[in-house]
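Here is the structure we will look at.
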Amino acid sequence: MANMYKKLFIVPTLVLALSACSDSEKDDMNHENMDMDSGAEESMDMNHSGSGEVPEGLKVEEKPTFGVGSQAIIETDHMEGMKGAEATIVEAFDTTVYAVSYTPTTGGEKVTNHKWVVHEEIEEAGDKPFEGGAEVTLMADHMKGMDGATAEIDSAEQTTVYMINYTSTTSGEEVTNHKWVTESELSAK
970 MANMYKKLFI VPTLVLALSA CSDSEKDDMN HENMDMDSGA EESMDMNHSG
1020 SGEVPEGLKV EEKPTFGVGS QAIIETDHME GMKGAEATIV EAFDTTVYAV
1070 SYTPTTGGEK VTNHKWVVHE EIEEAGDKPF EGGAEVTLMA DHMKGMDGAT
1120 AEIDSAEQTT VYMINYTSTT SGEEVTNHKW VTESELSAK
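Throughout, the numbering used here is defined as the position within the sequence shown, counted from one, plus 969.
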């Protein structure tokens, strides 16, 4: 009889442990898919969802094309499951955004043309935007190994950037407070 109780206890405990493990692994499986410019696949630990916290000094866009709470269609594919997804606008900001290349502080291959880091997520940020080729220190944590990494500015653009919520078209994962998409990467629903 004691063996039967042990089995009844062990099996549900094992199932619970395995399901908890898979949830943890699911959280760790955040990644960015391909660098669409080069066609080279890059495996990364990208945080699809974020805390909703924004860097100090980031200026709210007073009259964004896509207002807070409105819906838009994502026209970019920074990550698998983004393109074609319906986004809900969480926040809109007026800033300079950068595509950057850097080697993660955690090691691994160089990340190229990562989109996007906002001006306020760069340690050396002042009043003037950086130009292509500038070397900077990242304070963003969109991906593991990004915070504190030395990066090169690939391109810069003054625009409205959005924090969005959406459901991945490939995994069905609910993504909240995703940073960042630019105005040109969204279209009216």
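Beta carbons are placed, not taken as given, at the ideal position from N, Cα and C, and that holds for glycine.
Burial state of residue i (16 or more Cβ within 10 Å)
| i | result |
| --- | --- |
| Glu1154 | buried |
| Ala1157 | exposed |
| Thr1129 | buried |
| Glu1090 | buried |
| Lys1163 | Beyond the ends of the chain as shown, which are 970 and 1158, falls residue 1163; an answer cannot be given. |
| Lys1079 | exposed |
| Lys1097 | exposed |
Helix, strand or coil at residue i [DSSP, three-state]
| i | result |
| --- | --- |
| Glu1031 | coil |
| Glu1100 | coil |
| His1111 | coil |
Residue range of the beta strand (DSSP E) that includes residue i
| i | result |
| --- | --- |
| Ile1133 | Thr1119 to Thr1136 |
| Ser1070 | Glu1055 to Tyr1071 |
| Ser1156 | Leu1155 to Ala1157 |
| Thr1151 | Glu1143 to Thr1151 |
Taking one C-beta from the region 1086-1106 and one from the region 1050-1058 each time, how about it: are there three or more such pairs within less than 8 Å? no
Any contact between the region 1018-1035 and the region 1059-1073? By contact I mean 3 or more CB pairs, one from each, below 8 Å. yes
Are the region 1067-1081 and the region 1115-1133 in contact at 8 Å, needing three or more beta carbon pairs? A contact between stretches requires three or more CB pairs, one per stretch, nearer than 8 Å, and the region 1067-1081 meets this requirement with the region 1115-1133.
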